[in-house]
Amino acid sequence: MNTNQHHIMTYTLNSGIKGSIPLSTKQIQDWIESYRVGSKYVTTVGKEYFGLNPELVADFKVHNEFSEQREYVAAIQQPTVVSKAKEQLADAYSQHKVLIQVECKCGASYIEESAYKRNKWGYKECGDIVFLDNKKGMVDTVKGKAWYMTNRYFVERG
Numbered sequence: 006m007n008t009n010q011h012h013i014m015t016y017t018l019n020s021g022i023k024g025s026i027p028l029s030t031k032q033i034q035d036w037i038e039s040y041r042v043g044s045k046y047v048t049t050v051g052k053e054y055f056g057l058n059p060e061l062v063a064d065f066k067v068h069n070e071f072s073e074q075r076e077y078v079a080a081i082q083q084p085t086v087v088s089k090a091k092e093q094l095a096d097a098y099s100q101h102k103v104l105i106q107v108e109c110k111c112g113a114s115y116i117e118e119s120a121y122k123r124n125k126w127g128y129k130e131c132g133d134i135v136f137l138d139n140k141k142g143m144v145d146t147v148k149g150k151a152w153y154m155t156n157r158y159f160v161e162r163g
């Protein structure tokens, strides 16, 4: 495998804005890992720095028909992947809206719809911010599976 070869990756942000960037095979592997775990991705392209927040990326595509990365990307997006985290990520991006179960220290508990999964959410009634509990993952609610967000206890953010 030639790691110096560059491939064009196109992506669509949740806002609908599209972008493209030439990345090496190694950079594509690093991006896929960032996308999988939800960590910010920073690299250099030529003499410029390039950063991308996977939480704001609705989808992406690597334009190299025969590469193993393309198969890897397809595997991440399949809901039958063994890893629960990959399954939840694929589910979150395959839906137009995601459900969020909010538990606020002011006593409020409610279900909210969001255009995308997020790490924090402002509760409009009391003004407090709740945080996504990645360790708890998705919870069952009367409306279906929802991401759990709270400020009733410390949530590890990473």
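Residues in the sequence shown are numbered from 6 upward in steps of one, following the working numbering. For every residue, glycine included, the Cβ atom is placed at its ideal position computed from N, Cα and C.
Of Q34, S25, V135 and Y153, the smallest CA-CA separation from M143 is found for Y153. C-alpha of D133 to C-alpha of E118: approximately 18 Å in a straight line. Here the alpha carbons of G112 and F55 stand approximately 42 Å from one another. Y54 sits in a strand when the DSSP states are folded into three classes.
Taking all protein chains shown into account, V62 has 16 or more neighbouring C-beta atoms within 10 Å of its C-beta and is therefore buried. The criterion of a C-beta distance shorter than 8 Å is satisfied by P59 and Y46.
Secondary structure at S20: coil, using DSSP grouped into helix, strand and coil. Residue D64 holds the alpha-carbon nearest to the alpha-carbon of T17 among Q32, S39, D64 and E53. With distances taken between CA atoms, T48 lies nearest to K31 out of Q10, K31 and C131.
According to DSSP, residue pairing for A63 in a beta bridge does not occur.
When the beta-carbon positions are compared, F136 and V103 stay at least 8 Å from each other.
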